[in-house]
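Residue numbers (the numbering used here), protein chains in the order written: chain A, 6 to 650; chain B, 6 to 650.
Think of the CB as a built atom: it goes at the ideal place given N, C-alpha and C, for glycine as much as any other residue.
Bear in mind that the values here come from a model prediction, so they are computed numbers and not experimental data.
There are 2 protein chains.
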Amino acid sequence: MVNEAQQSCSGSSSSRSDGGSSSGSESSKDSSRCSTPVLDAERHERLRDKMRRRQDAGDKWFSLEFFPPRTANAAVNLISRRVLRAGGPLFIDVTWHPAGDPGSDKETSSMIIAYTAVNYCGLETILHMTCCNQSKDDITGHLQKAKRLGLKNIMALRGDPAGEEWEEEVDGFNYAVDLVKHIRNEFDDYFDICVAGYPKGHPEAESYEADLRHLKEKVYAGADFIITQLFFRPETFLKFMKDCQAIGITCPIIPGIFPIQGYHSLRQLVKLSKLEVPQEIKDVIEPIKDNDAAIRNYGVELAVSMCRELLDSGMVHGLHFYTLNREVATTEVLKRLGIWNEDPRRPLPWAVSAHPKRRVEDVRPIFWASRPKSYIYRTQEWDDFPNGRWGNSSSPAFGELKDYYLFYLKSKSPREELLKMWGEELTSEESVFEVFTCYITGEPNKNGYKVTCMPWNDDPLATETNLLKDQLEKVNRRGILTINSQPNINGKPSTDPIVGWGPSGGYVFQKAYLEFFTSSEIVRALLKVLRKYELRVNYHIVNVKGENITNAPDLQPNAVTWGIFPGREIIQPTVVDPVSFLSWKDEAFALWIEQWAKLYEEESPSRMIIQYIHDNYYLVNLVDNDFPLENCLWQVVEDTFELLN
Amino acid sequence: MVNEAQQSCSGSSSSRSDGGSSSGSESSKDSSRCSTPVLDAERHERLRDKMRRRQDAGDKWFSLEFFPPRTANAAVNLISRRVLRAGGPLFIDVTWHPAGDPGSDKETSSMIIAYTAVNYCGLETILHMTCCNQSKDDITGHLQKAKRLGLKNIMALRGDPAGEEWEEEVDGFNYAVDLVKHIRNEFDDYFDICVAGYPKGHPEAESYEADLRHLKEKVYAGADFIITQLFFRPETFLKFMKDCQAIGITCPIIPGIFPIQGYHSLRQLVKLSKLEVPQEIKDVIEPIKDNDAAIRNYGVELAVSMCRELLDSGMVHGLHFYTLNREVATTEVLKRLGIWNEDPRRPLPWAVSAHPKRRVEDVRPIFWASRPKSYIYRTQEWDDFPNGRWGNSSSPAFGELKDYYLFYLKSKSPREELLKMWGEELTSEESVFEVFTCYITGEPNKNGYKVTCMPWNDDPLATETNLLKDQLEKVNRRGILTINSQPNINGKPSTDPIVGWGPSGGYVFQKAYLEFFTSSEIVRALLKVLRKYELRVNYHIVNVKGENITNAPDLQPNAVTWGIFPGREIIQPTVVDPVSFLSWKDEAFALWIEQWAKLYEEESPSRMIIQYIHDNYYLVNLVDNDFPLENCLWQVVEDTFELLN
């Protein structure tokens, strides 16, 4: 490993490898320092480099193709489902449907689905784009928008001509290679470009050989890798790959795998792609064509055996799956191949966004822990993201709340369901306490419905919160309406299944945190109690009008989650930041009205109860700084109730 | 404490205090974030603000005046002595001696003494400057140089005219007020300016009242505070202060205290300052004028009683001491007054520099832990200092070693003493091992001399290192020549007298660290042993030629000291940085030759032994990442020796 240090260090440091006299010759200007890629080198790489790294490390990987759903609800479902990131795909790709206004701002457009996958789901994503029958300006517009939205990868396709008889346009985009050239001309090296390969040759090509030459043109025009059309026999792909290499195509070629999931979907696909199903497959399928389960089982078997053969060849490092938005078959194939990652490790306690601007982001305020999409949305205009340290945030410039009803941030369930969970009719503040308590306990409310979400939570209760369940139940019953909390952790292994994050071999820590709404009466008692804990507990207490009570020193952020890892600097991904808290406060109070009160008729008693809470309660957060000791926050609350009695 | 958050938050955040609709109105440009003042707010304040803060907090403080010693050795002594910072002065000041070339680069110049105090000792420092008989250009040159060197405070004085008969110069600097105006004209608000006040009136002033008016002019011209000439009765000062206030002087006025230390020094001072010693003092002193101890005791008594009266008046918050470079009397006065800080808490594990450019610095590589002056010197040209995180240091641009013999970095003792410690004659590598071992144990060497310093250590062995003494002795005897080490610490209170640092209420942590020179034979065995510890121990092994062996992931720095504090972000003041290690390596190897080998004749066996070690040994550092477990580095070394046997 001699000189590994120099080898892996890029740029100027290479000058150091040749001896002992290297220090100090650079000018002082070089000393300005930027942040290091810290926990997850892949996060800082473009897709083609990730592929290279995986290949070099001998890690097999997979990717998943989805198409934009037809309805907004289905789109929310697709994006909300864990399926997108489950198992740990290297990337997903989103197809382009010229008929479906794919570049628009509609919830169901290809552009927006890809944007959401990148920004809110943190997924490396390839956006398909077709070029035929489109003007240069349209294409450039789509690409500019994609870049603006944080997309970094384009699958450059010709697409199907509109009419029956297709004629080349002079100066138009006639082939995918024209699109590849255009992207490289207009956007230089910004995008990673993927192109399609046809193991049997493109159906419209003069010949298999001619099609290979077209593919080579696309690669030489600037494509970074190739994903193939589906095929039915492994030898088809392996021959294709060798033929590609023989004519000088050296970029990665990723086989497109289509696990047969049903008779009709197969027929339709075959018709569209003009492929021929081999006789041996037809022979199996025809007799069982009405037995969906049997066909799917056969499809899985077939895919597994084909993938095994591909991987065993040593020529294939990644597999691309045509999912048709259905995950069951693909998941099973991947599990049986052993490349499904059951428990993808969390690089940070919160899910990172894949937007290139956010690649250094590794600190966030804890307030949005249960509303990460809102946090990403409200900070999307930031030029810099906190990294290493939250730093001075006297002007965090959070996005305004007026765009609150952004599609992907909207409430999760229809009004009727929310009413069943949160109460058709509220009779008192106590009936609100009851809702909070049911959410914590998971027990059905008095009408028999489980409360599976709250206005302040994108997702069901975190596993970690279960550690505090009994205590949380007790205090919610009494009007300490908790919306966020974490237990203290004094150095658990980073591989801990519940609180662990980051690379293995490290230790993670937390300060106990509790955030809740409560009445001014309780706040008055609480403040008296907090005097006893002055040096131990930091607090921020604010009402909707912004009246703010705190003992935070010099408005500094307080790190409440951090990790110590072998050979790394310290990571502190979560802070309690006094200034951001005031922006969160606006959102947290508004959610009472926008998501809850507005379920009820104006002037109705139910609505007035929520309005009263909104107008009069305080939002409180407490941090116990003594993380090695037993969490004192429950005692603080206990003392407060005692004082009140 | 309502709205404390807003009150203490400057600038844009104040707009948040008036309600709930404040989020998000700033443009995204505002989101770029700078670092927070973290552990020590005073470090980020200018002197006048520090005074204000102390006054507001009711903390009494003191300051110390020194003059530049006449010889270089005395200057090194003054600067090296702990006296400068002992007890925790708010600032020191350095007098200006026009006859002594005070603005030059000589070791004994006022400028260089002040520069050293600020940069290397980390002391807030006021540089005196006199203006009479000097050209505008000279003065501006001095001020520019002071600014360049990191000085921030000037005591603006007229100084004594050169001849007997003094005449005003047209357009020249005739009074201190001219200098004050000039500083404000040319340097705006950069400097804090101090001026002298004369409780009895300046001896050359027409009258006490006229002198008060001159003082007011100086303040109105831009002076920030006043230090007074010495006086003998508290009522003299208190009257002066009231008179100042009466005519509208509102800035701080700091009484200058002179504890009488001897009959002759008092006479000389009185002559120079044209002050009259009150009869009651003369009556005491004259009879005991030959009894130094008696006079000093009386002087301390007198000063203590005067200071008490001043502090008790409520008008005085800080005391300025004319030390005449002798600390005994002043120290005793301060101790008896109870404003001597016996154990000034360390804000960071290493002593911070007071240069304004370095005010955010809170991370350093561990390598220079025992040579902090060298680190400060070699990084003095940096524009940015690491803060929060070391970050990407692929171009740390350390200063070159050619200026190695910089006055303040020179070896501590004369050649003869070093030879006694390090051996008049070396006979083998083992006799070098013996020197290292004696340094660690504190036992005399075989010639009866204690080894109190080594080329790699500015200071005697750190208390903390004593924790590892037995282990260090064992390994040095066998040729693991340690030059730096720290034990692992798993969450000790930040107030721990040995390893603690930072504000109270926190917890400090360390990873075990060991750095040593050793032979290539031992390195070969060590590398085999390290395979067993691959995930646990990070290592860097390099020889003088720069051949470098490491298992550091992606050349990232490894945090080895960090602290968690109430209401703060995490501080990680010490890292093992792979890239800086290569700069340190150059220095560490060069010290063998420059400080040790060159003590001996060329071609002498002793010199050849050191040269051999320099040419053939490796510099090794090891970090045990599992800080909660028992330090495994001793086991690593033990295993290595076992493998060799």
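Quiz prompt | Same chain, Cβ closer than 8 angstroms to A:F438, neighbours up to 5 away in sequence not counted | solution = Counting from one through the first sequence, the residue named residue 438 of chain A turns up at place 433. The answer, listed in chain order, is N481, R482, R483, G484, L486.
Quiz item: Whose C-alpha, out of B:H147, B:D559, B:S490, B:L316, is nearest the C-alpha of A:E47?
Solution: In the first sequence, counting from the first residue as 1, residue 47 of chain A sits at position 42. Closest option to A:E47, Cα to Cα, is B:D559.
Quiz item: Mind listing which residues of the region 555-584 of chain A have their C-beta closer than 8 angstroms to chain B's C-betas, in chain order?
Solution: T555, N556, A557, P558, D559, L560, Q561, P562, N563, A564, W567, I569, F570, P571, G572, R573, E574, I575, Q577, V580, P583, V584
Quiz item: So, using beta-carbon positions, are B:L52 and B:P94 closer together than 9 angstroms?
Solution: Within the second sequence, numbered from 1, the residue matching residue 52 of chain B stands at position 47. Within the second sequence, numbered from 1, the residue matching residue 94 of chain B stands at position 89. Against a cut-off of 9 angstroms, the Cβ pair of B:P94 and B:L52 comes out as no contact.
Quiz item: Are the C-beta atoms of B:N543 and some chain A residue less than 9 angstroms apart?
Solution: Counted from its first residue, the second sequence places residue 543 of chain B at position 538. By this cut-off, B:N543 is an interface position.
Self-check item: Close beta carbons around A:P103, own chain, < 7 angstroms, minus the five adjacent residues each side
Solution: Translated into the one-based positions of the first sequence, residue 103 of chain A becomes position 98. Cβ neighbours of A:P103 beyond the five flanking positions: T135, G164.
Practice problem: For B:Y410, count neighbouring C-beta atoms within 10 Å of its own C-beta (all shown protein chains included) and say buried if the count is 16 or more, exposed if not. | Solution: Here residue 410 of chain B refers to the residue found at position 405 of the second sequence. Confidence at B:Y410 is low in this model, with a pLDDT of 49, below 50, so the placement of that residue should be treated as unreliable; the coordinate-derived value is given next. B:Y410 should be labelled exposed.
Exercise. Could you check the C-alpha separation between B:R75 and B:T113 for me, to the nearest Å?
Key: Along the second sequence, one-based indexing puts residue 75 of chain B at 70. Along the second sequence, one-based indexing puts residue 113 of chain B at 108. Near 6 angstroms, if we compare the C-alpha coordinates of B:T113 and B:R75.
Quiz prompt | First through last residue of the beta strand (DSSP E) which encompasses B:E608 | solution = Your numbering for residue 608 of chain B matches position 603 in the second sequence. Neither: B:E608 is in no beta strand (DSSP E) and is coded neither H nor E.
Quiz item: In chain order, what residues of the same chain have a beta carbon less than 6 angstroms from the beta carbon of A:L69, not counting five sequence neighbours either side?
Solution: Reading the first sequence from its first residue, position 64 is the one you call residue 69 of chain A. Answer for A:L69: P94, I97, F326, T328, listed in chain order.
Practice problem: Output, in chain order, the set of chain B residues within a Cβ distance shorter than 8 angstroms of A:G261. | Solution: The sequence position of residue 261 of chain A within the first sequence is 256, counting from 1. Result: empty, since nearest Cβ-Cβ is about 33 angstroms, beyond 8 angstroms.
Quiz item: What number of angstroms, rounded off, separates the C-alpha of B:L491 from the C-alpha of B:R529?
Solution: Indexing the second sequence from 1 puts residue 491 of chain B at position 486. Indexing the second sequence from 1 puts residue 529 of chain B at position 524. In the sequence as presented, Leu is not what sits at residue 491 of chain B; that position holds Gln. Rounded to the nearest angstrom, the two C-alpha atoms are 24 angstroms apart.
Practice problem: Could you list which residues in chain A have their beta carbon closer than 7 angstroms to that of B:W395, in chain order? | Solution: Taking the second sequence and counting its residues from 1, the one referred to as residue 395 of chain B is at position 390. The contacting residues are E574.
Quiz item: Between the region 361-371 of chain A and the region 357-365 of chain B, do at least 3 Cβ pairs fall closer than 8 angstroms?
Solution: no
Quiz prompt | Other residues of its chain near B:N626: CB distance less than 6 angstroms, five sequence neighbours each side excluded | solution = To locate residue 626 of chain B, count along the second sequence from 1; it is residue 621. Only E520, H545 meet the Cβ criterion.
Quiz item: Of all the residues that make up the region 493-513 of chain A, which are near chain B by a beta-carbon distance shorter than 7 angstroms?
Solution: G496, G510, Y512
Self-check item: C-beta neighbour in chain B for A:T645, strict 9 angstroms
Solution: For the purposes of this step, residue 645 of chain A is taken as the residue at position 640 of the first sequence. So, not an interface residue.
Self-check item: 8 angstroms Cβ cut-off: residues of chain B touching A:A62
Solution: Locating residue 62 of chain A in the first sequence gives position 57, counting from the first residue. Ordered by position in chain B, no residue passes the 8 angstroms Cβ test against A:A62, which lies about 13 angstroms from the chain.
Quiz item: Just reading off the alpha helix (DSSP H) that A:Q234 is part of, what are its end residues?
Solution: Within the first sequence, residue 234 of chain A is the residue found at index 229, counting from 1. Where A:Q234 is concerned, there is no enclosing alpha helix (DSSP H), although the beta strand (DSSP E) it sits in stretches over 230-235.
Exercise. Could you pull out every residue in the same chain whose Cβ sits closer than 7 angstroms to the Cβ of A:V321, ignoring the five residues on either side in sequence?
Key: Within the first sequence, the letter at position 316 stands for residue 321 of chain A. Cβ within range, chain order: P260, L315.
Quiz item: Near B:A201, what residues of its chain come up, given a Cβ to Cβ distance below 8 angstroms and the 5 sequence neighbours on each side ignored?
Solution: As a working note, residue 201 of chain B is residue 196 in the second sequence. These residues qualify, in order along the chain: M160, L162, A181, I231, I232, T233, Q234.
Practice problem: Use the C-beta contact count for A:E448: other C-beta atoms within 10 angstroms, 16 or more gives buried, fewer gives exposed. | Solution: Working through the first sequence from its first residue, we reach residue 448 of chain A at position 443. So A:E448 counts as exposed.
Practice problem: Can you grab the Cα-Cα spacing for the pair A:G551 / A:L587, in whole Å? | Solution: In the first sequence, counting from the first residue as 1, residue 551 of chain A sits at position 546. In the first sequence, counting from the first residue as 1, residue 587 of chain A sits at position 582. Roughly 7 angstroms separates the two Cα atoms.
Quiz item: Hey, is the region 501-508 of chain B in contact with the region 606-619 of chain B, meaning 3+ C-beta pairs nearer than 8 angstroms?
Solution: no
Self-check item: Check whether A:G510 and B:L540 have beta carbons under 9 angstroms apart
Solution: Position 505 of the first sequence, counted from the first residue, corresponds to residue 510 of chain A. Position 535 of the second sequence, counted from the first residue, corresponds to residue 540 of chain B. Result yes, Cβ atoms of A:G510 and B:L540 sit closer than 9 angstroms.
Quiz item: Using the beta-carbon count (16 or more within 10 Å), is A:H187 buried or exposed?
Solution: By one-based count along the first sequence, residue 187 of chain A stands at place 182. Classification of A:H187: buried, given that the 10 Å Cβ count is 16 or more.
Exercise. Report yes or no: is there a C-beta of chain B within less than 9 angstroms of the C-beta of A:F372?
Key: Counted from its first residue, the first sequence places residue 372 of chain A at position 367. Taking Cβ atoms only, chain B never reaches closer than 9 angstroms to A:F372, which makes this a no.
Quiz item: Relative to the C-alpha of A:A299, which residue among A:V456, A:F192, A:P264 is closest?
Solution: On the first sequence, position 294 is the one that residue 299 of chain A refers to. The shortest C-alpha separation from A:A299 is found at A:P264.
Quiz item: Roughly how many whole angstroms lie between the Cα atoms of B:I614 and B:T384?
Solution: Taking the second sequence and counting its residues from 1, the one referred to as residue 614 of chain B is at position 609. Taking the second sequence and counting its residues from 1, the one referred to as residue 384 of chain B is at position 379. One C-alpha to the other measures close to 32 angstroms.
Quiz item: Taking DSSP as the reference, what is the three-state secondary structure of A:E430?
Solution: Walking along the first sequence from the start, residue 430 of chain A turns up at place 425. Here A:E430 sits in coil by DSSP.
Quiz item: Straight-line CA distance for B:V309 to B:R341?
Solution: Residue mapping note: residue 309 of chain B aligns to position 304 of the second sequence, counting from 1. Residue mapping note: residue 341 of chain B aligns to position 336 of the second sequence, counting from 1. Computed Cα separation, rounded: 7 angstroms.
Quiz item: Taking Cβ-Cβ distances shorter than 8 angstroms, what residues in chain B pair up with A:N626?
Solution: The sequence position of residue 626 of chain A within the first sequence is 621, counting from 1. What A:N626 touches in chain B: nothing, since even the nearest Cβ is about 12 angstroms away.
Practice problem: Per DSSP, which residues does A:F67 bridge with? Please list them. | Solution: Along the first sequence, one-based indexing puts residue 67 of chain A at 62. DSSP, once it has assigned bridges, lists A:L324 as partnering A:F67.
Practice problem: Could you work out which residue in A:L280, A:F67, A:P562 is closest to A:G92 when comparing CA atoms only? | Solution: The count along the first sequence starts at 1 and reaches residue 92 of chain A at position 87. Here the closest residue by C-alpha is A:F67.
Quiz item: Quick one: is B:F632 near chain A, going by C-beta distance under 9 angstroms?
Solution: Along the second sequence, one-based indexing puts residue 632 of chain B at 627. So, interface residue.
Quiz item: With a cut-off of 9 angstroms, does the C-beta of A:N392 fall near any C-beta of chain B?
Solution: Numbered from 1 along the first sequence, position 387 holds the residue referred to as residue 392 of chain A. Interface residue, yes.
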